[in-house]
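Residues 1 to 672 (UniProt numbering) are what the sequence shown spells out, left to right. Data block below; observations after.
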Amino acid sequence: MRLSGHNVIYKHAVRRVTRPRTGHVASLCGFHSTSNINSKSLADFRTIYERRDVNPNAKEIAILGGGITGLAAAWNLSTRTDAKITIYEKSDRLGGWVDSEVLDVNGGRILFEWGPRTLRPALGYGPGMATVDMLAELNIADEILPISKSSPAATNRYIYYPDHLVVMPGPVKSFWDIFRRLGALWTEPIFQGILSHVRSEPFVKIRDPKIQDESVGDFLTRRFGSDVTDNLASAFFHGIYAGDIYQLSARTLLPLFWYLETRHTDKELGILWQLLIETSSFFKKATFVPGRSIGAKDLRADIMSSPLNDAAMQIAILLQRSSVYTFKGGLGEITSSIEKALAENPNVTIQKSSPVNGVTFDKSTKQITVNGNNTDLKYDYVVSSLGPNTMLNFLGATKQHDSRKGSPPADVQQACHHSSSSASVMVVNLYYSNPSLIPASVRGFGYLIPRSVPFDSNPERALGVIFSSETSTPQGSSKESEKAQQRLIRRMESPGGNDAVAKKRATREMFIHERETGEGQDTAPGTKLTVMMGGHWWKGWQPEDLPSEDEAIEMAKALLKRHLGIDEAPEVAKARLNRDCIPQYPVGYREDMATIHRSLISEYQGRFKVAGPWWQGAVGFNDCIRKAREVAWAIQHGKDEMTGLEEYDRDEVWFLQNRDTGKLRLDRWYDE
Ligand SMILES: Cc1cc2nc3c(=O)[nH]c(=O)nc-3n(C[C@H](O)[C@H](O)[C@H](O)COP(=O)(O)OP(=O)(O)OC[C@H]3O[C@@H](n4cnc5c(N)ncnc54)[C@H](O)[C@@H]3O)c2cc1C
C-alpha cells in the first residue's frame with residue numbers, strides 16, 4: 001500500500017536537515033543522525049515541522065483552561081515569543097485535575113494526590129522529552145522523586161482475580177521470581193486459556209480492511225479471545241481510562257496492534273509474531289515509532305537543543321533509570337512552579353474564576369473575540385484545552401464581517417457530541433500509621449480489578465487500588481546508589497578528577513545519587529492507599545445515585561478488608577468525586593477529530609488550536625505537555641494549517657527504529 005492524501009504533498013516540500021547528534025544522550029533521547037534513514041520518506045514527515053520565521057501575527061494569545069495543558073501552552077509561548085498571553089480559568093485555582101494536598105498527621109506530614117500521581121519517563125520518541133525540557137527550564141529538577149526500575153512498585157503489578165492478587169508478568173529479580181511468574185501462568189485461573197489463544201493468534205483471520213474502527217474489547221476478543229480481554233486487558237483499561245473496553249476505540253488506543261493486524265495482507269503473520277520478529281532482542285531489535293512522532297522531529301530538534309544543556313541531560317539520565325517518577329511535593333509542584341513563573345512575567349495575565357462563555361472569529365480582521373466573565377477581549381490566536389461540548393459553542397457559521405454565529409454544520413455537531421463522553425472517578429485516599437500494612441508478599445504498585453470479577457467480589461465497583469506509599473519514597477536501589485557514590489568519589493580523587501569533564505560527570509552522578517536516596521513525599525512513617533471507584537460502571541447514573549464522599553470512604557474500607565484483609569482504622573481518610581475527569585474515546589474518534597479539524601480550519605483559519613486529553617487520544621500528563629508544546633510551536637512559527645488535530649486528517653504511518661544504531665526506516669509495508 002502506498003502513501004496517499006496529504007502525505008504525497010509533503011513529498012514535494014522543502015526539507016530541513018536537523019543537526020545530527022551522537023553519543024549517549026542523543027541515543028537516550030532517540031535522536032540520531034539521519035544519514036542512513038530512508039531519508040526521503042522520513043523527511044516528508046519532518047517538513048511539517050520545518051521552522052519559519054517567528055510569527056508576526058501572534059501578538060495576543062488566549063489560553064482556555066488553566067490545567068497542565070493550558071499552563072504548559074502558556075509557558076512555552078511566554079518563553080519563546082513576545083506575545084501577550086491571557087489564561088482563562090473557570091475555577092479559583094490553576095492546575096485542573098492536578099491537585100496535591102499536604103496534611104499534618106501524628107509524627108509528620110503526608111501527601112495525598114487527587115489527580116495524576118506518577119509520570120512515565122517516556123523518553124526516546126515518547127512524549128516525555130517535552131516534560132523533561134520543561135522541568136529543566138523551570139529549574140525544579142531537585143524536587144524529582146524517581147522510582148527505580150528495581151523497586152517493588154516497578155516490578156510488581158497485580159490484578160485482583162477472586163479471591164487474591166495475581167502478579168503480572170514483568171521484570172524478574174531472581175530465580176525464585178522467574179518460577180513464581182512462570183508458575184502463575186499455569187496455575188492461576190486468570191491466565192486460563194491464554195497460552196492457547198497466544199498460539200492460535202497468528203491464524204486468526206484479519207479484519208476486513210474496510211472497517212475503520214472497532215472497540216478495544218471486540219478487537220482483542222477477535223484476536224486473543226474473551227478470557228484475555230475480560231480478565232487482563234479490561235483491568236489495564238480500568239487503570240488508565242476508567243473505561244469500558246467495549247466502548248473505547250481500538251484504533252485510537254491500540255494503534256500499533258491495529259496497524260499490525262493488516263500490515264501483511266499477503267502473509268498473515270499475526271500481531272504477536274510480527275512484534276516478536278521486529279522488536280525482540282533476539283531478532284531485529286527494533287522499536288515501532290508512529291509517523292506523527294517522526295513528524296515532530298524538527299520540533300524535537302527544538303526540544304533537543306536544550307537537553308544538550310546540563311540540567312535537561314541530567315534529568316533524562318536520571319529518568320532513564322526510573323520506572324516512573326513524581327515530585328517531593330507531588331505533581332502539583334509542576335503546576336505551581338509554572339504558575340509562579342507565569343505570574344512574574346509581565347506579558348502574562350492569569351484570570352481565575354473566569355469561565356469562557358463564547359468565542360467568535362472575524363474573518364476580515366482575523367481576530368478572535370473571547371468572552372470571559374462577560375467581558376469581550378480580542379486575540380490573534382486561541383489555544384483551548386476545553387472539551388468538545390464547549391467547542392460546539394465555538395464552532396458556528398462565522399460571518400465575514402461581524403462576529404455573529406449560527407449553528408455548526410450537522411457533521412460537526414455530531415462529531416462534538418459523539419466524542420464528548422467522559423468517566424467520573426471517586427478517589428479515596430487513606431493513611432494508616434502502620435508502615436507494614438501491606439503484606440510483604442504483595443508489595444508493588446497496586447492492583448487493578450477487571451470487568452470479569454463478579455459483583456459480590458466488587459460491589460463497590462472499584463477500578464483498582466494504588467499502594468501510594470510505594471511511590472512516595474525514592475526506592476532507589478541502595479546498592480546502585482552506593483556504587484554510584486563510590487564511583488563518584490574515585491573519579492573526584494583520580495588525577496584527572498578535577499578537569500571540567502570529570503567534574504561535570506561527578507556533579508551529574510551526585511545529582512542522581514541524591515534524588516535516588518533523598519527524602520520522599522511524606523515525613524510520617526505509615527502506609528498510604530488510594531482506592532479508585534466508578535468510571536464506566538457509573539455511566540448514566542444520576543448525581544443523586546452516586547455515593548457521597550463519606551459513603552465512598554466506607555466502601556473503600558470494606559473493599560480493602562475483603563481483598564487485602566485490612567481491618568485497621570485509617571488515621572486519615574478522605575474522598576473526592578472527580579466528575580467527568582477522563583475523556584472516553586469512542587469507536588470512530590479519529591473521524592470525529594478529523595471533522596473538527598476541518599471545521600476549525602474553515603471557521604477559524606487555523607487561529608484556534610486545541611490540546612489536551614480530549615483532543616490527543618491519550619490522557620497522559622506527558623501527552624498534554626507535548627501537545628501543548630506542539631501547538632505553541634505551531635503558533636510561534638505561523639503554522640496555521642495545524643490545529644492540534646491535523647494528524648487525524650492524514651494516513652497513519654509507522655517507522656522502525658533500530659535499537660542499537662538508532663537508525664530509522666519507514667516500515668517496509670509502505671514501500672511495497
Ligand atoms: C484521577 C486521575 C488520575 C490521573 N492519573 C494520571 C497519572 O497518574 N499519570 C498521568 O500521566 N496522567 C494521569 N491522569 C491524566 C491527567 O491528569 C490529565 O489528562 C491532565 O491533568 C489533563 O489536564 P488538562 O489541563 O488538559 O485538563 P484539566 O486538568 O481538566 O484542566 C482544564 C481546566 O479548564 C478549566 N475550565 C473548564 N471549563 C472552562 C471554561 N469554560 N472556561 C475556562 N476554564 C474552564 C477547568 O476548571 C480546568 O482547570 C489522571 C487523571 C485523573 C482525573
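No residue lacks a Cβ here, since even glycine has one placed at the ideal position from N, Cα and C.
Cutoff 7 Å; reference residue i; Cβ partners in own chain excluding five residues on either side
i	result
S27	Annotation note: pLDDT 42 at S27 (below 50); position unreliable, coordinate value reported separately. Here the set comprises G662.
G617	T252, Y585, Y589
E201	R223, F224, G270, I271, L272
N658	K285, A286
R138	According to the sequence displayed, residue 138 carries Leu and not Arg. Closer than 7 Å at the Cβ level, and outside the excluded window around L138, lie S337, I338, A341.
L248	S215, V216, F237, Y241, Q584, Y585
Integer-rounded CB distance, given that residue j should sit under 8 Å from residue i
i	j	result
I271	E261	6 Å
S421	Q584	5 Å
S472	G520	5 Å
K328	D660	So it is not a contact: roughly 37 Å between Cβ atoms.
F219	L254	7 Å
C581	V425	6 Å
A153	I147	5 Å
D592	S364	So it is not a contact: roughly 30 Å between Cβ atoms.
T530	I466	4 Å
Spatial neighbours of residue i in its chain, beta-carbon cut-off 6 Å, leaving aside the 5 residues before and after
i	result
S41	Note on S41: pLDDT 42, under 50, position unreliable in the model; no value is reported.
residue 714	The question about residue 714 has no answer, for the chain in this structure spans 1 to 672.
S354	Y88, G372, N373
Y161	I190
W537	R461
Straight-line gap, residue i to residue j (C-alpha atoms, nearest Å)
i	j	result
S385	A575	26 Å
E50	A634	With a pLDDT of only 46 at E50, under 50, the local geometry of the prediction cannot be trusted, and no value is derived from it.
A462	T507	45 Å
H164	S151	22 Å
S407	K378	22 Å
Q367	L342	24 Å
A136	G565	43 Å
F237	D104	34 Å
N389	N374	20 Å
G66	I194	44 Å
Q192	N231	10 Å
A611	R93	20 Å
L656	L256	12 Å
M304	M313	Residue placement at M304 is flagged as unreliable, the pLDDT there being 49, under the threshold of 50; a coordinate-derived value is accordingly withheld.
K90	I350	11 Å
V587	T523	46 Å
T155	P171	6 Å
A573	Y447	19 Å
Q542	A423	13 Å
I140	S215	40 Å
Y381	W114	32 Å
P547	A558	14 Å
A130	T79	14 Å
E143	A552	32 Å
F621	D411	30 Å
G128	S293	12 Å
residue 713	R443	As shown, the chain starts at 1 and ends at 672. That puts residue 713 outside it, with no answer to give.
F394	R109	45 Å
Spatial neighbours of residue i in its chain, beta-carbon cut-off 8 Å, leaving aside the 5 residues before and after
i	result
D376	T369, V370
Q567	Note on identity: in this sequence residue 567 is Asp, with Gln being the wrong assignment. Taken in chain order, the residues that qualify are K561.
L185	P169, F191, I194, L195
K352	G66, E89, S91, D92, R93, L94
N578	W97, W114, G115, S424, V425, M426, V427
I37	Low local confidence applies: a pLDDT of 35 at I37 is under 50, so the model's placement there is unreliable, with the coordinate-based value given in what follows. Correct list, in chain order: K663, L664, R665.
Q413	L392, S407
Ligand 3 heavy atom lying under 8 Å from the CB of residue i
i	result
R180	Ligand 3 is absent from the structure shown, which contains only ligand 1.
Next on the checklist: Across the stretch 96-107 and the stretch 323-340, are there enough close Cβ pairs to call them in contact, namely three or more that are closer than 8 Å?
Outcome noted: With a cut-off of 8 Å on Cβ pairs, the stretch 96-107 is in contact with the stretch 323-340, counting three or more such pairs.
Checklist entry - Given 8 Å as the limit, is there contact between the stretch 589-609 and the stretch 438-451, that is, 3 or more CB pairs closer than that? => result Contact fails: fewer than three Cβ-Cβ distances are below 8 Å.
Next on the checklist: Counting beta carbon pairs with one atom in the stretch 197-211 and one in the stretch 241-248, are three or more of them shorter than 8 Å?
Outcome noted: no
Item to check | At least 3 beta-carbon pairs within less than 8 Å: the stretch 618-634 vs the stretch 65-84 | outcome: yes
Item to check | contact_flag[the stretch 449-462, the stretch 500-516] where n(CB pairs < 8 Å) is 3 or more | outcome: no
Checklist entry - Any chance the stretch 114-124 sits against the stretch 316-325, with 3 or more Cβ pairs inside 8 Å? => result Two segments are said to touch when three or more pairs of C-beta atoms, one from each, lie closer than 8 Å; by this definition the stretch 114-124 touches the stretch 316-325.
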